[in-house]
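>
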Amino acid sequence: MPQQSVQQSSARSSQNGRSLELALAAARTADENRGTDIVILDTREVTPIFDYFVLATGTSRRQLHAISESIDDVLEKELGDRRLGIEGYDEASWILLDYGNVVVHIFTDEARQYYDLEQLWCEAKTVPFDPQQRESLSA
């Protein structure tokens, strides 16, 4: 039994590392596409459904589309992770990209203020993300 527990713990740790890698890649990609107010929330202790939220704000429909498409490209082509679902692309005030353990939310400023996910998920820890320190995040 202890052997199985160690294996489960190791698998969970590996999955959490992969989830964080995806969340950081999504955040960096949002930043590279001029997304603002980028926040990564660690939701692992709040819900068993997913590990991280990535929140970003864009200024226009075109920018929200560009951010979401770039995140899709990076996560699929560079990290081999496919999106499971997308919501809000046509309306483009809040685009949700579902990667299973990581959920990316891209908002207009108005939608972000209205839905206020940071407050709704206030029990989640914020993961440090500084776009100026790209090298240290990828190491």
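Numbering-wise, my numbering comes out as the position in the sequence shown, counting from 1, plus 3.
Cβ atoms here follow ideal geometry from the backbone N, Cα and C, with glycine treated the same way.
If you're wondering where the values come from, they're calculated on a predicted model, not measured in any experiment.
Less than 8 Å between the C-beta atoms of L25 and Y118, yes or no?
Counted from its first residue, the sequence shown places residue 25 at position 22. Counted from its first residue, the sequence shown places residue 118 at position 115. No, these two residues do not count as a Cβ contact at 8 Å.
> Going by DSSP, name the residue or residues bridged to A33.
In the sequence shown, the residue the question calls residue 33 occupies position 30. BP columns for A33 are empty, so no partner.
> Which whole-angstrom value is the C-beta distance of D45 and V130, which I expect to be below 8 Å?
Taking the first residue of the sequence shown as position 1, residue 45 is located at position 42. Taking the first residue of the sequence shown as position 1, residue 130 is located at position 127. With a Cβ gap of about 5 Å, D45 and V130 count as contacting.
> Write down the C-beta distance between H68 and A95 rounded to the nearest angstrom, noting that I regard them as a contact closer than 8 Å.
Position 65 of the sequence shown, counting from 1, holds the residue named residue 68. Position 92 of the sequence shown, counting from 1, holds the residue named residue 95. The pair is a contact, with the Cβ atoms about 6 Å apart (cut-off 8 Å).
> Please return the same chain residues whose Cβ sits closer than 7 Å to the Cβ of Q135, not counting the five positions on each side in sequence.
As a first step, residue 135 must be located in the sequence shown, where it is residue number 132. Nothing meets the Cβ criterion.
> Residue range of the alpha helix (DSSP H) that L123 falls in?
On the sequence shown, position 120 is the one that residue 123 refers to. Where L123 is concerned, the enclosing alpha helix (DSSP H) stretches over L120 to L123.
> Within the region 91-121, note down every full beta strand (DSSP E) run reaching 3 residues or more, in order along the chain.
The region 91-121 contains these whole beta strand (DSSP E) runs: 97-101 and 105-111.
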